[in-house]
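Protein sequences appear in the order of chains A and B. Remember, the numbering used here sits 303 above the position in the first sequence when you count from 1. Remember, the numbering used here sits 303 above the position in the second sequence when you count from 1. For glycine and all other residues, C-beta sits at the position ideal for the given N, C-alpha and C. Note sheet for the following structure.
Protein chains: 2
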Amino acid sequence: MIIDLNKLLERHHIRKTECRKEMLAYFYKKKYAISFPELEKAMHLHDRTSVFRNLVYFEEMGFLHKLNDSEGIAKYALCEEKCFGHLHKDEHIHFTCTNCNNTFCLKEKKLPEIKLPKGFFMESFSIVAKGICLGCSSKK
Amino acid sequence: MIIDLNKLLERHHIRKTECRKEMLAYFYKKKYAISFPELEKAMHLHDRTSVFRNLVYFEEMGFLHKLNDSEGIAKYALCEEKCFGHLHKDEHIHFTCTNCNNTFCLKEKKLPEIKLPKGFFMESFSIVAKGICLGCSSKK
DNA sequence: AATTTAATTGCAACAATGTTGCAATTAAAA
DNA sequence: TTTTAATTGCAACATTGTTGCAATTAAATT
Numbered sequence: 304m305i306i307d308l309n310k311l312l313e314r315h316h317i318r319k320t321e322c323r324k325e326m327l328a329y330f331y332k333k334k335y336a337i338s339f340p341e342l343e344k345a346m347h348l349h350d351r352t353s354v355f356r357n358l359v360y361f362e363e364m365g366f367l368h369k370l371n372d373s374e375g376i377a378k379y380a381l382c383e384e385k386c387f388g389h390l391h392k393d394e395h396i397h398f399t400c401t402n403c404n405n406t407f408c409l410k411e412k413k414l415p416e417i418k419l420p421k422g423f424f425m426e427s428f429s430i431v432a433k434g435i436c437l438g439c440s441s442k443k
Numbered sequence: 304m305i306i307d308l309n310k311l312l313e314r315h316h317i318r319k320t321e322c323r324k325e326m327l328a329y330f331y332k333k334k335y336a337i338s339f340p341e342l343e344k345a346m347h348l349h350d351r352t353s354v355f356r357n358l359v360y361f362e363e364m365g366f367l368h369k370l371n372d373s374e375g376i377a378k379y380a381l382c383e384e385k386c387f388g389h390l391h392k393d394e395h396i397h398f399t400c401t402n403c404n405n406t407f408c409l410k411e412k413k414l415p416e417i418k419l420p421k422g423f424f425m426e427s428f429s430i431v432a433k434g435i436c437l438g439c440s441s442k443k
C-alpha cells in the first residue's frame with residue numbers, strides 16, 4: 304500500500320514540512336504504535352519539541368490516535384479512514400506483545416459489550432491486551 | 304469497615320513504619336485509586352522517594368494494584384482479598400469519571416470475554432471505561 | 001532494658017517524559 | 001518576489017519515576 308503523503312497533507316490543508324513528512328512516513332512504514340521516545344530518536348534531524356507538537360496536532364486532525372500500551376506507555380498509531388478531526392472512531396483492541404514490546408491495533412475483531420453497575424454512565428472505553436503477537440508466535 | 308492496619312502489616316511481616324501506616328490509612332479512607340502525585344501531597348511529612356518505594360513494595364506484596372486511568376495516569380488501588388504476592392487477581396473494569404476525575408474499581412461486574420485474531424496469544428487484558436460515576440450522577 | 005542488625009528512610013542527584021514562550025525560519029498565499 | 005502566518009528550534013522548565021548511600025529506626029537478640 305502506497306500512500307501519497309503530500310496528498311494527505313494537502314487534502315487537510317496542512318503545511319508540508321520536512322518534519323511532518325518524515326514523521327508520517329515513519330508511521331506508514333511501521334506497523335505498530337509508536338512511542339514518543341522512539342519517534343524522537345528516529346527523527347534525529349528535528350527537534351523533539353516539533354515532533355511532539357506535531358504528534359498532538361496529527362491527533363487533533365484525526366491522523367493519529369493516542370493510546371496507552373499494557374505498561375502504560377503512551378503511543379500513537381495511524382487512525383482508520385473514518386476518523387476525522389478529534390472524532391476518533393478507533394474502536395478496536397490494542398495488543399502489546401511481551402516479546403517484541405510492540406503494540407498493535409487489532410481491527411479484525413469487534414469490541415465486546417461492556418456493562419457497568421447502576422449509576423455509572425459510560426462515554427467510551429478502551430481494552431488493552433497483552434501476550435504474544437502474530438509476528439513473534441510464528442517465529443520458531 | 305474498620306481494618307486493623309497493624310494486623311495487616313504484622314500478618315505479612317512488614318515493618319510498621321509511620322510512613323506505611325499513613326499510606327495505608329489514606330488508601331482505606333479514599334474509595335478511589337490514588338495517583339502518586341496525590342499521595343505525595345497527602346504524605347507531606349514523608350519523602351516522596353519513600354512513598355514511591357512503598358507503593359512499589361505494597362504492589363509486590365499484593366496490597367495494591369497499579370493501573371492506568373483513562374488518561375493514562377498511573378494510579379494505585381487496594382487489592383481484593385484473593386491477591387497475594389504479585390499474583391494479582393484484580394479482574395474488574397476500571398472507571399474514570401470525567402467529572403470528579405477519580406478512578407474506581409468496578410468489582411460488581413464480570414469481565415467480558417475477549418477474542419483475538421489468529422496468531423495472537425493473550426496473557427492478560429485490562430478495560431478502562433470513562434464517563435460519569437455513581438457519586439457524580441446522583442448529585443443534581 | 002540495652003544492644004545489635006538489617007530494613008527503611010531522607011537526601012541529593014539524576015533520567016525520562018511532557019510542556020511553554022519566543023525569536024528565527026519557512027511554506028505558501030498574494 | 002514579497003508578504004504573512006504557520007512552523008520550527010532553542011532554552012527553560014514541570015512532572016514523574018529511579019538510584020546510591022549514609023543516617024535512622026523497628027524489632028530481634030542478648
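Query raised in the report: In terms of residues, what are the limits of the alpha helix (DSSP H) holding Thr-352 (chain A)?
Result: 351-364
Report task. Evaluate Ser-427 (chain A) with the Cβ neighbour count: other Cβ atoms within 10 Å of its Cβ, from every protein chain shown; 16 or more gives buried, anything less gives exposed. Result -> exposed
Requested in this report: With Met-425 (chain B) as the anchor, note down where its beta strand (DSSP E) starts and where it stops.
Outcome: 424-435
Query raised in the report: When the Cα of Asn-405 (chain B) is compared with those of B:Cys-382, B:Thr-320, B:Ile-376, which residue comes out closest?
Result: B:Ile-376
Query raised in the report: Would you say Gly-365 (chain A) reaches chain B, if we count a Cβ-Cβ gap shorter than 8 Å as a contact?
Result: no
Report task. Using a threshold of 8 Å, state whether the C-beta atoms of Val-431 (chain B) and Thr-399 (chain B) are closer than that. Result -> yes
**Report entry** Between the CA atoms of Ser-353 (chain B) and Leu-327 (chain B) - distance to the nearest angstrom
**Finding:** 13 Å
Query raised in the report: Just reading off the alpha helix (DSSP H) that Cys-322 (chain B) is part of, what are its end residues?
Result: 321-332
Requested in this report: Under 8 Å by Cβ, that's how I've got Ser-415 (chain B) and Pro-415 (chain A) pegged, so tell me the actual separation to the nearest angstrom.
Outcome: Looking at the sequence shown, residue 415 (chain B) is not Ser but Pro. With a Cβ gap of about 4 Å, Pro-415 (chain B) and Pro-415 (chain A) count as contacting.
Report task. For my contact list, His-395 (chain A) and Leu-381 (chain A) are in at a C-beta cut-off of 8 Å; report their separation, rounded to the angstrom. Result -> Not quite, the Cβ-Cβ distance comes to about 12 Å (not below 8 Å), so this is no contact.
Query raised in the report: Are the Cβ atoms of Leu-370 (chain B) and His-347 (chain B) separated by less than 8 Å?
Result: no
Query raised in the report: Under a three-way DSSP split, which group does Ala-336 (chain B) fall into?
Result: coil
Query raised in the report: So Gly-422 (chain B) and Met-425 (chain A) are in contact, right, with Cβ under 8 Å, and what is the actual spacing, rounded?
Result: At roughly 31 Å, the Cβ-Cβ gap does not stay under 8 Å, so Gly-422 (chain B) and Met-425 (chain A) are not in contact.
Query raised in the report: In angstroms, rounded to a whole number, what distance separates the CA positions of Asn-309 (chain B) and Ser-338 (chain B)?
Result: 24 Å
Query raised in the report: Do Leu-342 (chain B) and Tyr-329 (chain B) have their C-beta atoms within less than 8 Å of each other?
Result: yes
Requested in this report: Give a yes or no on whether the C-beta atoms belonging to Cys-403 (chain B) and Asn-357 (chain B) are separated by under 8 Å.
Outcome: no
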